[in-house]
Amino acid sequence: MKPETKATRIAAPPKKPAAAWILGAVWILAACAGIAALLAGGSWLYRTAPWKGLRPAEAAAHSVAPGSPPPSPAPAAPPASSPAVVAAPSVARFSASPDSVAAGGTATLRWEVNGAAEVRIEPQVGKVSASGARAVHPDESTTYTLTATGAGGEGSAQVSIAVTPQVSRANPAVSAKSLYESGMAESQAGNSDKAMALFRQAAEMGDVRAMLEVAEEGLDSDNGDSERWFRKAAELGDSTAMLNLGAMYQLGNHVKEDYAQAVVWYRRAAEKGNPSAMYNLGRMYERGRGVPEDLAKAKELYQKAAAKGNSDARIRLDQMTDK
């Protein structure tokens, strides 16, 4: 019998049965499957995250620490500015006065345009300034078109002038008289445009009364004919036309102010016995306008005018006496 040694005293470990080894392998496989599932879920979360595809700086801006408020939205980019719109020229005024004349008679076009580089009036006129007036002499009824052109496009306006046929001159005196009387009838009926067309025909045929009507209408409507028609009537010897011409030059009404011309026409009317012209001429002498100051001459003219019934002359004489 062998002696008992240390080696023989230690018992060999018992061998594990086969079932325990199989159970351990199962646990290892289950752990590996769990790790694989976790990795797959993380990949899905990354693919579906809202910051996927952003640049690093943008992704960082979208990552929010737990419990922190959501970031404010980035300000919207300002809209691109639209190019400035240039307005088309505008026609503030385009008119004709009068709007009815005899064939070959005179009417005046007036206009005012804003924002135009070029302005034209057709027919008969052509290129014009942005505002102004132009006399026209249509032989037939005519529609005038104003066209204003600028950077923003075109603007336009139209006016029409009716033209009545010229009356036969076989018997001018009778025709002029009948035209004037027809014009007066139209005027009393309130048809001023028709009346003025008849007056213009009669004036062209030499009727002085018609000339005065046309000239006075020009003072009211500023159609530029007043000086012409008063002068025509004055040259035919009408003292009222002379008086009105003097007043136009004294006041600078539709003509350049000219005291010397005013004195000329007042004197001619006074010599015709017109009391108003005597009074006006006296005032020119009293004030020294257009003539040397001469109170004696002024007083003489006031006395003549007062004797013919001019009330202004009487008042002025009384004022001079009281001084």
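Residue numbers for the sequence shown follow the numbering used here, so the first one is 529 and each next one is one higher.
Glycine residues also receive a C-beta, built at the ideal position from the N, C-alpha and C atoms.
Are the CB atoms of ALA790 and ALA798 nearer to each other than 7 Å?
No, Cβ-Cβ distance for ALA790 and ALA798 is not below 7 Å.
Within 10 angstroms of the Cβ of SER669, are there 16 or more other Cβ atoms? Answer buried if so, exposed if not.
With fewer than 16 other Cβ atoms from the protein chains shown falling within 10 Å of its own Cβ, SER669 counts as exposed.
For GLU745 and ALA835, I'd like the C-alpha separation in whole angstroms.
Rounded to the nearest angstrom, the gap between the Cα atoms of GLU745 and ALA835 is 31 Å.
When burial is assigned at 16 or more other CB atoms within 10 Å of the CB, is ALA585 buried or exposed?
Because the pLDDT at ALA585 is just 46, under 50, the model does not fix this residue reliably, and the point stays unresolved.
Just the C-alpha distance for ARG795 and GLY718, rounded to the nearest angstrom, thanks.
Straight-line Cα distance between these residues: approximately 37 Å.
Reducing DSSP to helix, strand and coil, say where ARG844 ends up.
Note: ARG844 maps to helix in three-state DSSP.
May I have the straight-line CA-CA distance separating TYR787 from VAL614, to the nearest angstrom?
It is roughly 50 Å from the alpha-carbon of TYR787 to the alpha-carbon of VAL614.
For my contact list, THR677 and ALA645 are in at a C-beta cut-off of 8 Å; report their separation, rounded to the angstrom.
Confirmed, about 6 Å.
Among VAL691, ILE689, ALA690, LEU674, which one has its Cα closest to the Cα of GLY683?
The residue from VAL691, ILE689, ALA690, LEU674 with its alpha-carbon nearest to that of GLY683 is LEU674.
Per the DSSP calculation, GLY681 is bridged to which residue(s)?
GLY678, per the DSSP bridge assignment.
LYS836 in three-state terms, based on DSSP:
Per DSSP, reduced to three states, the secondary structure at LYS836 is coil, with no helix or strand assignment.
Selection from ALA616, ALA663, GLY643, GLU650 that minimises the alpha carbon distance to PRO626
Comparing Cα positions, the closest option is ALA663.
Going by CA-CA distance only, name the one from THR636, VAL641, GLY643, ASN642 that's closest to VAL653.
The shortest Cα separation from VAL653 among THR636, VAL641, GLY643, ASN642 belongs to THR636.
The beta strand (DSSP E) that contains ARG795, what's its start and end?
Counting along the chain, no beta strand (DSSP E) covers ARG795; the unbroken alpha helix (DSSP H) around it starts and ends at 787 to 799.
Quick one: give me the first and last residue of the alpha helix (DSSP H) that LYS784 is part of.
In the DSSP assignment, LYS784 falls outside any alpha helix (DSSP H) and carries neither an H nor an E.
Considering only the beta carbon of each residue, do LEU707 and ALA730 sit closer than 7 Å?
Cβ distance < 7 Å, so LEU707 and ALA730 count as in contact.
CA-CA distance, ALA725 and GLY660?
The C-alpha of ALA725 lies about 24 Å from the C-alpha of GLY660.
Go ahead and label ILE843 buried or exposed: buried means 16 or more other beta carbons lie within 10 angstroms of its beta carbon, across all protein chains shown.
Exposed, since its Cβ has fewer than 16 Cβ neighbours within 10 Å.
Check the DSSP bridge columns for VAL742 and list the partner residues they point to.
Beta-bridge pairing links VAL742 to no other residue.
Between VAL691 and ASP721, which are expected to be in contact by the criterion C-beta below 8 Å, what is the C-beta distance as a whole number of angstroms?
Not confirmed; about 13 Å, so no contact.
Which residues in the same chain as ALA713 place their Cβ atom closer than 6 Å to its Cβ, once the five residues preceding and following it in sequence are excluded?
Listed in chain order, the non-local C-beta contacts of ALA713 below 6 Å within the same chain number zero, local neighbours out to five positions each way being set aside.
Can you give me the C-alpha to C-alpha distance between GLY633 and ALA743, rounded to a whole angstrom?
In this structure, the CA atom of GLY633 is about 13 Å from the CA atom of ALA743.
From the DSSP secondary-structure annotation, give me the bridge partner or partners of LYS655.
Answer by DSSP bridge pairing, in chain order: ARG648.
Taking 6 Å as the limit between beta carbons, can you name the residues of its chain near ALA685, skipping five residues before and five after?
Only VAL619, PHE622, LEU674 meet the Cβ criterion.
Tell whether a beta-carbon distance below 7 Å holds between LYS825 and TYR813.
A contact, by the Cβ cut-off of 7 Å.
What does the alpha-carbon distance come out to for the pair SER657 and GLU650?
Those two C-alpha atoms are separated by around 14 Å.
Coil, strand or helix - THR671 by DSSP
Here THR671 sits in strand by DSSP.
Distance, Cα to Cα, SER767 vs ASN642?
C-alpha separation (whole angstroms): 44 Å.
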